[in-house]
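Have a look at the structure below, then the notes.
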Amino acid sequence: MRRTVQSTLLLLTGAGLLHSSLFTTLYLRYVKEGLRPLLVASGVVLIVLGVMNLVLEVRGSGRRLPGGHDHTGHGHMDPGHMDDDHMGHGHMDDDHMGHGHMDHGHDHSRAPKVAWLLALPALSLLIYAPPALGAYTASHASTKSAPPVRQTRFDPLPASTAPVPMTLTGFTNRVQQDPAKTLSGRAVQLTGFVTPGGADGGWYLTRIIFTCCAADSQTVKLRMYGPEAPPANTWLSVTGTWHPAGALGTKSAAAALDVHESHPVAQPINAYTDDLPLTVGS
227 MRRTVQSTLL LLTGAGLLHS SLFTTLYLRY VKEGLRPLLV ASGVVLIVLG VMNLVLEVRG
287 SGRRLPGGHD HTGHGHMDPG HMDDDHMGHG HMDDDHMGHG HMDHGHDHSR APKVAWLLAL
347 PALSLLIYAP PALGAYTASH ASTKSAPPVR QTRFDPLPAS TAPVPMTLTG FTNRVQQDPA
407 KTLSGRAVQL TGFVTPGGAD GGWYLTRIIF TCCAADSQTV KLRMYGPEAP PANTWLSVTG
467 TWHPAGALGT KSAAAALDVH ESHPVAQPIN AYTDDLPLTV GS
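Per this note's numbering, the sequence shown starts with residue 227, numbered consecutively.
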């Protein structure tokens, strides 16, 4: 029974890993894309171990002697032989009592029923995957903010007057570090999800960035000015210009945007990077 529980847990966990990393993209909610091969390999190993463990259990049960604990074969409780001579030979002595011949049916080879609760996390990967990180995580006090990346040179912006697609980090770096002030009056296009700003009714466009996995996530947030706050966790494509607060090109410049236009978009495949959004088929 213990091996049956072990095998079940191994198989469920392995199947959950393969489901989330090989057959779907759920793993991207928790780890970076580069870890996918390791997740797939781990899932395969767990399934192989589970199958091997189950085979050993079946073979072991077939080799057990059916009379291994058959008391009738030893005559210890035969009423016709319970005379003084047999009693004197110690057929009911402490040694026999210690070997479990008077066991009251306690099968210590069975795993406790509570062990099956360990299957719940594995089942969750197959039936109901834990939710992705979102607005609650981004607004939580313990969430780390991504530090600004020091830049001294910036590529020139396209000559076209069309909005420039940028990452939230790229926008912040240009606003606070570009001495040429190339974002002055220039429209940009940003993508992220909505995080409420608090009691003042403001809101932020947000991205959560994984260094390795969800445990070391960092946030990048830009304050949005203009329309009312959309529902939390709504993914938006936002077009606007830098909100003039502080001195552009210095650290005093606000990481903020005056919103001219916004519309909902599907969550990108690379939601937990600060890259330009990727969608299915792109």
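Heads up, the beta-carbon is just placed ideally off N, CA and C, and yes, glycines get one too.
Start and end of the beta strand (DSSP E) containing residue i?
i      : result
Gln415 : 414 to 422
Val446 : 444 to 451
Thr432 : 429 to 435
Assuming residue i is part of the alpha helix (DSSP H), what are its boundary residues?
i      : result
Pro347 : 345 to 353
Arg228 : 228 to 244
Ala361 : 361 to 365
Thr204 : Look at the range of the chain in this structure, 227 to 508, and you will see that residue 204 is not part of it.
Gly396 : 394 to 403
What does DSSP give as the partner residues of residue i in its beta bridges?
i      : result
Ala473 : Answer by DSSP bridge pairing: none, since Ala473 is not bridged.
Glu487 : Thr465
Val284 : Looking at the DSSP assignment, Val284 forms no beta bridge with any residue, so it has no partner.
Pro391 : Gln415
Ala482 : Arg449
Cys438 : Its beta-bridge partners do not exist; DSSP assigns none.
Val274 : Note: Val274 sits in no beta bridge, so no partner.
At the level of alpha carbons, what is the spacing between residue i and residue j?
i      : j      : result
Leu365 : Pro457 : The sequence given here has Ser at residue 365, not Leu. Roughly 14 Å between the two C-alpha positions.
Gln232 : Ser443 : 33 Å
Asp304 : Ser287 : With a pLDDT of 49 at Asp304, under the threshold of 50, the predicted position of this residue should be treated as unreliable, and no value is reported.
Gly240 : Leu248 : 11 Å
Glu283 : Ala348 : 22 Å
Gly452 : Tyr354 : 37 Å
His489 : Thr421 : 15 Å
Ala425 : Gly396 : 28 Å
Arg285 : Thr230 : 12 Å
Leu346 : Leu238 : 9 Å
Gly423 : Thr387 : 31 Å
Leu265 : Gly276 : 16 Å
Cys438 : Arg262 : 12 Å
Thr176 : Val446 : The question about residue 176 has no answer here: the residues shown for the chain are numbered 227 through 508.
Trp342 : Ile273 : 18 Å
Ala440 : Ile434 : 9 Å
Leu483 : Gly428 : 12 Å
Phe380 : Thr363 : 31 Å
Thr398 : Arg376 : 11 Å
Can you give me the Cβ contacts of residue i inside the same chain, cut-off strictly under 6 Å, excluding the 5 residues immediately before and after it?
i      : result
Leu344 : Leu235
Phe419 : Thr432, Asn459, Trp461
Ser268 : Leu243
Gly475 : Asp404, Pro405, Lys407
Phe436 : Lys258, Ser443, Tyr498
Leu280 : Ser233
Glu454 : none
Glu487 : Thr465
Ser478 : Gly472
Tyr253 : Ser246, Ser247, Leu265
Asn496 : Leu504
Between residue i and residue j, how many whole angstroms is the CB-CB distance? I'm expecting something under 8 Å.
i      : j      : result
Leu416 : Leu448 : 7 Å
Pro389 : Ala413 : 4 Å
Ala480 : Ala473 : That belief does not hold up - the Cβ atoms of Ala480 and Ala473 are roughly 10 Å apart, past 8 Å.
Leu352 : His245 : 6 Å
Arg255 : Ala358 : 4 Å
Please return the same chain residues whose Cβ sits closer than 7 Å to the Cβ of residue i, not counting the five positions on each side in sequence.
i      : result
Gly411 : Thr467
Leu502 : Pro391, Thr393
Val401 : Leu409, Trp468, Leu474, Ala479, Ala481
Tyr430 : Thr421, Gly423, Lys447, Leu448, Arg449, Met450
In its own chain, which residues sit with a C-beta less than 8 Å from the C-beta of residue i, not counting the 5 before and 5 after it?
i      : result
Ser350 : Gly242, Pro356
Thr378 : Gln403
Val485 : Met450, Tyr451, Gly452, Pro453, Val464, Thr465, Gly466
Val271 : Gly240
Pro382 : Thr408
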